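> What follows is a structure written as structure tokens; I'll ask about it next.
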Amino acid sequence: MQTSYGFAYVRKDSIAEIVPTEKKSAQDPGQSAALKPSAFSAATPSFKPAVAPMPRPIPKYASAASKPSSAPGTVTNLAPPPIAARFSSLLPADLSGLMPPGEALDPRMQPMQEVVRGNLYVNRTYGFQIYKPPTWQVIKNPQNELPNAVGALGTDDQSTLLVIGRDPLKDSLEAQAAKRERTLRDVYENYRPVDKRQVTIAGVPAIEQRFYGNLGGHDWSVTVTTMARGNDVFTILGMTSADSDLIQIQENVIARTIASLQFIAPQ
1 MQTSYGFAYV RKDSIAEIVP TEKKSAQDPG QSAALKPSAF SAATPSFKPA
51 VAPMPRPIPK YASAASKPSS APGTVTNLAP PPIAARFSSL LPADLSGLMP
101 PGEALDPRMQ PMQEVVRGNL YVNRTYGFQI YKPPTWQVIK NPQNELPNAV
151 GALGTDDQST LLVIGRDPLK DSLEAQAAKR ERTLRDVYEN YRPVDKRQVT
201 IAGVPAIEQR FYGNLGGHDW SVTVTTMARG NDVFTILGMT SADSDLIQIQ
251 ENVIARTIAS LQFIAPQ
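Residue numbers for the sequence shown follow the working numbering, beginning at 1 and rising by one.
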């Protein structure tokens, strides 16, 4: 007799009954899986686990500038914007007559130390700072054209210019302002005064004059502020093209720039 352990001998007189059985047919794999008891089924959970979504691929149209640079040693330049090395390109041809040089205080005797910090222009040589509009450039070495100029700002399209001059104080503030006005009347054609008033700039009294005039074939809106500080008189001349549709905006920018002047050095 064949068993699962091999062949065995069984005594005939020990057999009580022989029951023949039919060989079971091969079951369909699907049916056998269904007939398996749950205890022997594959340990598969009855719920679907949450799957994190795949990250979206980078679009093909993404620009190379948006990808992080892989070049080693790349350093972002955090230096202040460069100061323009030109002056005559921003200077109307006849502007040199606006600020006749004084008898002393020649700024050409010492190099200008100036720096830009964001929207702030700082002149370390003459100890003052002033607001620099974002679209304006610092004009390097203005004293090469205007001997008494100690700072200058302007736009690249030559439509707006601001010059800061410094001279020795020889008379009262009113007399200095009157002298400057006579000079402006001689330089500008069709001089048309608009306003004249006393103001305070950087904590010191000042006289502000506004007028329109023609210079170099263009009509200009001009603001001139004269102030006395110690033994010096400072003149701030701001001018913008009156032919532009943005004249009112530029006039407000000039007014804000002049009002922002602060002295950072003692008298």
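Ideal placement from N, C-alpha and C gives every residue a C-beta, glycine not left out. Just so we're clear, the structure is a prediction, and the values are computed from it rather than from any experiment.
Is A149 helix, strand or coil by DSSP?
Reduced to three states, the DSSP call for A149 is strand.
> Could you pull the DSSP bridge partners for G238 from this structure?
Per DSSP, L162, T223.
> How far does the beta strand (DSSP E) with N214 in it reach, from first residue to last?
First-last of the beta strand (DSSP E) with N214: 204–215.
> In its own chain, which residues sit with a C-beta less than 7 Å from the C-beta of P134, not counting the 5 before and 5 after it?
Only N119 meet the Cβ criterion.
> Tell me, please, which residues DSSP counts as bridged to V116.
Its beta-bridge partners are Y121.
> State yes or no: is the C-beta of M225 within less than 7 Å of the C-beta of I264?
For the sequence presented, residue 225 should be read as Thr rather than Met. No.
> Taking the straight line between their C-alpha atoms, what separation do you get for E181 and I207?
Cα-Cα distance, rounded: 11 Å.
> Looking only at C-alpha atoms, which of Q143, N148, I164 sits nearest to S260?
The residue with the shortest Cα to Cα distance from S260 is I164.
> Looking only at its chain, what residues have a beta carbon closer than 6 Å to the beta carbon of M239, apart from the 5 residues adjacent to it on each side?
The answer, listed in chain order, is L161, W220, V222.
> Under three-state DSSP, which class holds K196?
K196: strand per DSSP, three-state reduction.
> Among A152, Y126, G127, P111, which residue has its Cα nearest to the Cα of L237?
Comparing Cα positions, the closest option is A152.
> Tell me the DSSP secondary structure of A177 in three-state form.
A177: helix per DSSP, three-state reduction.
> Under three-state DSSP, which class holds L184?
Helix.
> Note the first and the last residue of the continuous alpha helix (DSSP H) segment covering Q248.
Looking at the DSSP string, the run of the alpha helix (DSSP H) that includes Q248 is 247–259.
> Assuming contact is defined by CB atoms lying nearer than 7 Å, are R210 and V194 in contact in what I supplied?
Yes, these two residues count as a Cβ contact at 7 Å.
> Which two residues bound the contiguous beta strand (DSSP E) that contains Y131?
Run containing Y131: 128–131, per the beta strand (DSSP E) assignment.
> Assign A149 to one of two classes, buried (16 or more other C-beta atoms within 10 Å of its C-beta) or exposed (fewer than that).
Result: buried.
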